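In our numbering, the protein residues as written are 11 to 140.
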């Protein structure tokens, strides 16, 4: 019987499909506090492949767009010259081990989910333009 494969930091990335950490980017944003702030966030989520979440570090926009240098097998096409952020990224505990969503306090996968949240949070949300 074959010995089970031991997943380590050295080989983990080759088993992670579809290379989750290379399939999106995030950008921290100021905490939305007012109806106007949430209206801007709603506009951002009206764009294709944009999501938002809040975790213990704050609020973020997430752009679901794979790295242009991601190879079909999940490897990096510019590994030797990759950006510093890629070089310092640690996979000791990453999305291969547990989905990032487990750490989200709030998650808005689309426009409609944020719209529903705003309607619950602000009783006069739908009257803001009248």
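We treat Cβ as the ideally placed atom computed from N, Cα and C, and that holds for glycine. Treat the numbers as computed from the prediction; the structure is a model and nothing was measured.
For residue 68: DSSP bridge partner residues:
65
CB contact flag (residue 38, residue 68, <8 Å):
yes
Buried or exposed: which applies to residue 93, given that a residue is buried once 16 or more other Cβ atoms fall within 10 Å of its Cβ?
exposed
Mark residue 126 as exposed unless 16 or more other C-beta atoms lie within 10 angstroms of its C-beta, in which case mark it buried.
exposed
What residue range does the alpha helix (DSSP H) around residue 95 cover?
94-98
Can you give me the start and stop residues for the beta strand (DSSP E) that residue 1 sits inside?
Nothing can be reported for residue 1, as the shown portion of the chain is limited to 11 through 140.
Candidates 54, 139, 137 and 131: which alpha carbon is nearest residue 8's?
Outside the displayed span of the chain (11 to 140) sits residue 8, for which this structure offers no information.
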